[in-house]
DNA sequence: CTAATCCTTCCCACCATGGGAAGGTCAAGA
DNA sequence: TCTTGACCTTCCCATGGTGGGAAGGATTAG
């Protein structure tokens, strides 16, 4: 099976399959005499696994660990669970940050007349010299801790 | 005031200030004879505005619109409000996606013994051939709609 | 045989941010 | 005055996942 078929069957784009191979997430696919990558249904199985993990928001690094455990017949489910729960904690942290932003902004928007006059508490808040007093920390964006 | 001072005073890194200038989010700063960028307290005011909008999760594009309204004395607060609420809706959509992921994974993790045995429903779910039945759509990741 | 469709590799772009190198400038202290 | 250290400048590179597209070869259906 060629990469296009594997892509359709797994839900992972051909481009991403090549990328995953290049970065070592998956082992290099076999090749035909003319250089086409060849995939087995086993491979598709693995790609589908990856797709689902992505859908659950795992990073490629996380998926790499997950794949390791998946392949390891003598794994301990405790390790899998730990990985999963750590990711859940990550997600919840991000959710909390976004929720903080959303509610701050919503409060501000609620206080805004939303008419044809220029005065607007949203802009006032943004241009205020000092930190926002009411909300504890709408700050501390994603990425870096 | 040099870029370092403006950075400290505004909370926007020097690197980002240059980037914002380069991409046109902010107008080019004045320069000393020797080429150093010079900032006024007005500029710092603007940078702080940007910083806060970032803290509320606005993209640079969104901030650009916000800045336009901020500078426009004849703006209508309705426009600001619309922008803010659209962003809130964006945030809530992302939150819902993350929450979907988190709860799916949490349910799975809950069903996992987390002991020294290898069997684990988390991996089972990931390797399942068909789509997840219980959850409607843990899929459809961020970014592109 | 030809045309369409696939595959290959390679480079570029996104977004926002940081790292760092090579070199110029400025201010303070000896 | 000279040196030193802290600052500034521009330029390139990396991140993480993903897509776009070009140039050229392979395969396949008609």
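Chains as they are written, first to last, in the numbering used here: chain A, 1 to 145; chain B, 1001 to 1145.
Ideal Cβ positions, reconstructed from N, Cα and C, are used throughout, including at glycine.
- Exclusion of the five residues before and after residue 1 (chain A) leaves 39 as the residues of its chain whose Cβ lies within less than 6 angstroms of its Cβ.
- Taking a Cβ-Cβ threshold of 8 angstroms, the residues of chain B close to residue 95 (chain A) are 1095, 1098, 1099 and 1102, in chain order.
- Secondary structure of residue 12 (chain A) (DSSP, three-state): coil.
- Assigned with DSSP and collapsed to three states, residue 1004 (chain B) falls in helix.
- Separation of the CB atoms of residue 74 (chain A) and residue 1121 (chain B) is rounded to 18 angstroms, and the pair is thereby denied contact status at 8 angstroms.
- Proximity of residue 1124 (chain B) to chain A, defined by a Cβ-Cβ separation below 8 angstroms, is not satisfied.
- Of the residues B:1072, B:1081, B:1056 and B:1065, the one whose Cα lies closest to the Cα of residue 102 (chain A) is B:1056.
- Contact annotation: in the region 1077-1091 of chain B, residues whose CB is within less than 7 angstroms of a CB in chain A are 1077, 1078, 1080, 1081, 1084, 1085, 1087, 1088 and 1091.
- For residue 1075 (chain B), the three-state secondary structure derived from DSSP is coil.
- For residue 31 (chain A), DSSP records a beta bridge to A:37.
- Counting C-beta pairs with one atom in each stretch, the region 1005-1014 of chain B and the region 1033-1052 of chain B have three or more that are closer than 8 angstroms, which means they touch.
- Annotation for residue 122 (chain A): the continuous alpha helix (DSSP H) segment containing it runs 121-127.
- Between residue 1063 (chain B) and residue 1053 (chain B), the gap from beta carbon to beta carbon is short of 8 angstroms.
- Between residue 109 (chain A) and residue 1081 (chain B), the gap from beta carbon to beta carbon is short of 8 angstroms.
- Taking 8 angstroms as the upper bound on Cβ-Cβ separation, chain A lies near no residue of the region 1009-1026 of chain B.
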